[in-house]
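*Asks:* Residue numbers (our numbering), protein chains in the order written: chain A, 1 to 422; chain B, 1001 to 1470. For glycine and all other residues, C-beta sits at the position ideal for the given N, C-alpha and C. Bear in mind the structure is a predicted one, so any value in this text is a computation, not a measurement.
(1) Is the stretch 84-95 of chain A close to the stretch 202-220 of chain A, with three or more CB pairs under 8 angstroms?
(2) Please report the straight-line C-alpha distance between residue 1381 of chain B and residue 303 of chain A, rounded to a whole angstrom.
(3) I'd like to confirm the pairing. Which residues does DSSP put opposite residue 160 of chain A in its beta bridges?
(4) Compare the Cα-Cα distances from residue 1219 of chain B to each of B/1213, B/1260, B/1132 and report the closest residue.
(5) Identify the contact partners of residue 1413 of chain B in chain A, using a Cβ-Cβ distance below 8 angstroms as the criterion.
(6) Tell me the residue span of the beta strand (DSSP E) that contains residue 1251 of chain B.
(7) Is the Cβ of residue 1398 of chain B closer than 8 angstroms to any Cβ of chain A?
(8) So residue 332 of chain A and residue 301 of chain A are in contact, right, with Cβ under 8 angstroms, and what is the actual spacing, rounded?
(9) Could you work out which residue in A/330, A/363, A/80, A/409 is closest to residue 173 of chain A when comparing CA atoms only?
(10) Quick one: grab the DSSP three-state call for residue 1120 of chain B.
(11) Counting only C-beta atoms, is residue 1079 of chain B closer than 8 angstroms to chain A at any point?
(12) Over the uninterrupted beta strand (DSSP E) stretch that includes residue 1407 of chain B, give me the two end residues.
(13) How do the stretch 1236-1245 of chain B and the stretch 1220-1228 of chain B stand: do at least 3 beta-carbon pairs fall below 8 angstroms, yes or no?
(14) Straight-line CA distance for residue 1077 of chain B to residue 12 of chain A?
(15) With DSSP as the reference, please indicate the residues paired to residue 1348 of chain B in a beta bridge.
(16) Give the interface partners of residue 302 of chain A over in chain B, defined as CB-CB distance under 7 angstroms, in chain order.
(17) Got a sec? Which residues, its chain only, sit under 6 angstroms from residue 1469 of chain B by beta carbon, not counting five neighbours each side?
(18) How many Å lie between residue 1 of chain A and residue 1299 of chain B at the Cα?
(19) Of all the CB atoms in chain B, is at least one closer than 8 angstroms to the CB of residue 327 of chain A?
(20) Flag residue 389 of chain A as yes if its beta-carbon sits less than 8 angstroms from any beta-carbon of chain B, otherwise no.
(21) Do you know how far the Cα of residue 285 of chain A is from the Cα of residue 155 of chain A?
(22) So, under 8 angstroms CB-CB, residue 1340 of chain B and residue 1363 of chain B are touching, yes? Tell me the CB distance rounded to an integer number of Å.
(23) Quick one: grab the DSSP three-state call for residue 347 of chain A.
(24) What number of angstroms, rounded off, separates the C-alpha of residue 297 of chain A from the C-alpha of residue 157 of chain A?
(25) Please work out which residues of its chain come closer than 8 angstroms, Cβ to Cβ, to residue 1423 of chain B, disregarding the five sequence neighbours upstream and downstream, and give them in chain order.
(26) With a threshold of 16 other CB atoms inside 10 Å of the CB of residue 1287 of chain B, please say whether the residue is buried or exposed.
(27) If the cut-off is 7 angstroms on Cβ atoms, which residues from the stretch 1313-1347 of chain B count as contacting chain A, listed in chain order?
(28) Applying a beta-carbon distance threshold of less than 7 angstroms, which residues of chain A neighbour residue 1390 of chain B?
(29) Determine the direct distance from the alpha carbon of residue 69 of chain A to that of residue 89 of chain A, and round the result to whole angstroms.
(30) For the alpha helix (DSSP H) that residue 1107 of chain B lies in, which residues bound it at each end?
(31) Using the DSSP secondary-structure output, state which residues sit across from residue 62 of chain A in a beta bridge.
(32) Residue 1409 of chain B CB to nearest chain A CB: under 8 angstroms?
(33) Residue 1239 of chain B to residue 1329 of chain B, Cα distance in whole Å?
(34) Taking 8 angstroms as the CB-CB limit, is residue 376 of chain A close to chain B?
(35) Buried or exposed: residue 1110 of chain B, going by 16 or more other Cβ atoms within 10 Å of its Cβ?
(36) Just curious, the beta strand (DSSP E) that residue 252 of chain A is in, first and last residue?
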């Protein structure tokens, strides 16, 4: 039984441009693809076999009650409220440079040649039953296009806000940076605590040759939300892609982040920060796929787990036969702060070229006793000492975050989590 | 380019010095394929007790019901109905090398086993096809109650001990190949070391496959009673044929309170042997279990020696060396399951691939709830010698206790140009220099081997390196 039936599909707002065909195709895939089974390696740690797809398929939003986006320090902002893209504030200078920042549904009509070439190209709808569901029921979303050699200094931000209990939302971000472009985009997902809700998100990022793209996703859903996201970026020749994934919210969050180094000379940095409490479940999956030679990728995920929360990190480094002179690093570090919290790490390497430097490291453990001892011997109470050590633990990642606002926000969120445990 | 079968065999055997074949020895006409009748016949020929016959038949059902593993190496070419499941090559097990048929004895001479026995072994078991053809233990060990015999004799001579422990560490339905082994097992070693007894010279078993399409399914059970110590070493080889053989062993070990067991394998099957082995040890309070696992040969190896740390303070160590050359896929690794407080494990893996070979480390470290203060480190290093070869690392870390401290590190690299240049500027050829670097790379493992085996392993690696650098 699911609420995502043909009647619900037909009740969606009219599909613009090629979206119509995507919806029809994806709906068929949704009906035929199996629910991912924990018997498979990909879903071994997140069992959704009994997950009822019983959500309201489409809840229009009007912006009422949603936080007013604070545009300070941002080049443009967008607000998606439930299933609707309700507002975009964009400066004239962006338009004059040819930058397009708008509702993905609007873009499908106005820029069909761009949207048709890229929408669901990196993340095909038939990847899983959930991406098929996304393809069938998505409305709104973020479209960002940056023409060749255009540099935008300040970040752009989309806030996706959800306040409808029982709703499903399908955030989609399509970012296309042409040759030599420079751009920063922040996706922020927030909601109140809800009884239950589904966020089924897709992020597709095309980094053109020589382009510099920074992308941050900040997941602060309230409790009750199940967040399933797939982010995939293709990095062009000599291009530079840096992504940051911050996860504090949702009851269950499965976030896949993949970077394909498709052309020589590419660079990819993937940072992750997460903090679990209550009975939160995080399933982080990453892929660094080196297809072309002379590329470098670096991944660092750090998380702390409290209460009965649980985190899994499974990372894959693929070095394809032609990808000589690859440098690929992958690190997953986990601090376990309470008796019932747990963490698993599976940092995989698959290396098919020989002239490479690849390494990975993973660790799971409590706050180091000798560090606590040192601080306590200096007269710092144990609670405070633990907060200091955990703060220091995260600092290694946060120091690498060049987006001032994002870093500050993450620091505050970590302090808030730590404050609650005192 | 079409390569004749003969040329293909020649190519395969170029660096493999164990490629000789004896005349076929079989005391009855062997049959291919597996069925309940074949299992009944094996049990009947061995005049086994009824419980074992039933155990075998039940295991055959498990084997047939289970799917092939979907992960790891490609096993689709195994033809289970083309394998000989049981070949008896002599009527009677010998206690003197002289009592063996000439060419079988010749095989052991060429392998250097009788020589080694004289020099530094406490006991030797030599298995040829399905059964142990030679067996001997030093009198001093026999006198203090150390039992070292082949598994078939153990079932006959110590039925209660075998019945008590057989299949308790690796149940017959553990996995498809453990089920197959349980159904058709033959040969292997049985060792019991009494409390407090230190067996300070190694006991060795050597496994030789001679026939084409042979299936060898030895079954080994080692029980080290409280406070005892034993070091067991196994080696293996086979001639090269154009069609495949299957080696699927099960090894069960119990290291009781305060005992220490070291199990060393130098696996050097020819490149037409599928080597699919289940090895698992239980380590009780303050016990130490060590697997030293060298995988140099075979077409496909899937083997992950495991340690279940069941008693407080138990320790486990897995040292793994894997080599994969042309046409080979070595998927090795290890598992450490921490199920008691204050247990520690160390896994150290070194792999080398060349000539299109593929090596993989696949491992699991798991800390069960309440196994507090567990500690584990895993270190995997891989060396890839050319651009056709491949290396994979699949480490699983699962932690259910917050006081556990686990780390994993891995590197993959090639032989450094500057290292090669330095050695070559000192007058070494590229092949010699590469072999030297590779030997240095695996040195952390070879230094744990008895000297004779370390020399052997280095020599095998050097042989494998020949002709490797283009």
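*Replies:* Working from what's here:
(1) no
(2) 26 angstroms
(3) A/80, A/189
(4) B/1132
(5) 356, 357, 358
(6) 1250-1255
(7) yes
(8) 5 angstroms
(9) A/80
(10) helix
(11) no
(12) 1405-1413
(13) no
(14) 51 angstroms
(15) B/1319, B/1379
(16) Correct list: empty, because the minimum Cβ distance to chain B is about 14 angstroms.
(17) In this prediction, residue 1469 of chain B has a pLDDT of 41, which is less than 50 and means its spatial position is unreliable; what the coordinates show is noted afterwards. Cβ within range, chain order: 1430, 1431, 1434.
(18) 49 angstroms
(19) no
(20) no
(21) 26 angstroms
(22) At roughly 20 angstroms, the Cβ-Cβ gap does not stay under 8 angstroms, so residue 1340 of chain B and residue 1363 of chain B are not in contact.
(23) strand
(24) 25 angstroms
(25) 1432, 1433, 1436, 1437
(26) buried
(27) none
(28) 351, 352
(29) 9 angstroms
(30) 1102-1111
(31) According to DSSP, which records beta bridges pairwise, residue 62 of chain A is partnered with nothing at all.
(32) yes
(33) 19 angstroms
(34) no
(35) exposed
(36) 252-261
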